[in-house]
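Student: In this note's numbering, the protein residues as written are 1463 to 1773.
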């Protein structure tokens, strides 16, 4: 049977500044966004499988939104659940990369169409369709950009999907600028973890949001919140796996990369490869190895969506 996967969130216009030392290089415009990045990499990882990956969002009726839909199609991501909000526009962000490959972002997303997903015509039909998907993927950024009513509806949908025996994956992806305060962010993100089958936090985010002193504390907290499978990403260090009563397992990443080009989408791509592997029968430790391998390739290129070397 066809695997049906949906990721929910925001795709934005991405403006990539020239790398350090080459100021005369032109700006590069493309598209990206955390859950969209994961959709692209899921589609690539599942190539050859009987699988469909759809992106759920709201777009405008402008030419950038039309180009965005064409971009989805080129990367194997379906737009059947990308709704249109008349007169709205996509968000935009810029990436500036330092000499170590670390990136800084500036965002223009306050009026983004994606924030109005739950106002868009057709959202009830989308929710009905998603209840039958095998995997629904959401992030803390998805929760942050939605108003309270939309956030509550999305969490309720995730609960219905999980209660029906299907998978819900959640990356807490804490971004302080998107939240009015840390306490509100913690409450909403904890609620996201409570309805998820698989939680994929980054330890640095958990430390900033919840004050976790070590990755093991993140494992324990998400497990206590009700997540049966927790994957704590720790950058270039070991990933921690907490699955049911099996305790904590550790998976080492590949040989560290001394000078990454751009760490944008490292976590998004890890999540994609991990989830693709789990959906096709791999054990958690093998799935984490696949996640590390893909992330290691992604950080050697600029921008969120790297060239499709397997095509």
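Beta carbons: idealized from backbone N, C-alpha and C, even for Gly.
Predicted model only: the values in this text are computed from it and were never measured.
List the residues that DSSP assigns as beta-bridge partners of residue 1691.
Tutor: DSSP, once it has assigned bridges, lists 1660 and 1705 as partnering residue 1691.
Student: Rounded to the nearest angstrom, what separates residue 1680 and residue 1648 at their Cα positions?
Tutor: Distance between the alpha carbons of residue 1680 and residue 1648 is about 13 angstroms.
Student: Excluding five sequence neighbours on each side, which residues of the same chain lie with their C-beta closer than 8 angstroms to the C-beta of residue 1626?
Tutor: Closer than 8 angstroms at Cβ, skipping near neighbours: 1593.
Student: How long is the line joining the alpha carbons of residue 1620 and residue 1476, rounded to whole angstroms?
Tutor: Rounded to whole angstroms, residue 1620 to residue 1476 spans 28 angstroms at the Cα level.
Student: Taking its Cβ as the centre, do 16 or more other Cβ atoms sit within 10 Å of residue 1642, making it buried, or is it exposed?
Tutor: Residue 1642 should be labelled exposed.
Student: Going by Cα to Cα distance, which pick from 1624, 1568, 1488 and 1599 is closest to residue 1639?
Tutor: Here the closest residue by C-alpha is 1568.
Student: Give me the Cβ distance between residue 1580 and residue 1611, rounded to the nearest whole Å; I'm assuming they're in contact under 8 angstroms.
Tutor: So it is a contact: roughly 6 angstroms between Cβ atoms.
Student: Which whole runs of the beta strand (DSSP E) in the region 1621–1660 are 3 residues long or more, in chain order?
Tutor: Correct list: 1629–1633.
Student: Please classify residue 1483: is it buried, with 16 or more other beta-carbons within 10 angstroms of its beta-carbon, or exposed?
Tutor: Label assigned to residue 1483: exposed.
Student: For residue 1731, name the three-state secondary structure that DSSP assigns.
Tutor: Looking at residue 1731 - three-state DSSP - the assignment turns out to be helix.
Student: For residue 1766, is the classification buried or exposed, using 16 other Cβ atoms within 10 angstroms of its Cβ as the cut-off for buried?
Tutor: Burial call: buried.
Student: Since residue 1736 contacts residue 1749 with CB under 8 angstroms, what's their CB separation in whole angstroms?
Tutor: Correct: roughly 5 angstroms between the Cβ atoms.
Student: Can residue 1508 and residue 1515 be called in contact, C-beta distance under 8 angstroms?
Tutor: Yes, they are a contact pair.
Student: Residue range of the alpha helix (DSSP H) that residue 1527 falls in?
Tutor: Start and end: 1525–1536.
Student: Just checking, does the region 1592–1607 make contact with the region 1468–1475 on the three C-beta pairs under 8 angstroms criterion?
Tutor: A contact exists between the region 1592–1607 and the region 1468–1475.
Student: Restricting to Cα atoms, I'd like to know which of 1540, 1543, 1545 and 1492 is closest to residue 1529.
Tutor: Residue 1529 has its Cα closest to that of 1492, out of 1540, 1543, 1545 and 1492.
Student: Counting Cβ pairs closer than 8 angstroms, one from the region 1644–1663 and one from the region 1682–1697, do we hit at least three?
Tutor: A contact exists between the region 1644–1663 and the region 1682–1697.
Student: Taking only the alpha-carbon atoms, compute the straight-line gap between residue 1755 and residue 1597 and give it to the nearest angstrom.
Tutor: Computed Cα separation, rounded: 22 angstroms.
Student: Quick check: is the beta carbon of residue 1609 nearer than 8 angstroms to any beta carbon in chain B?
Tutor: Within the model displayed, chain B is absent; a lone protein chain is all it includes.
Student: Answer with buried or exposed for residue 1489, where buried requires no fewer than 16 other C-beta atoms within 10 angstroms of its C-beta.
Tutor: Flag for residue 1489 reads exposed.
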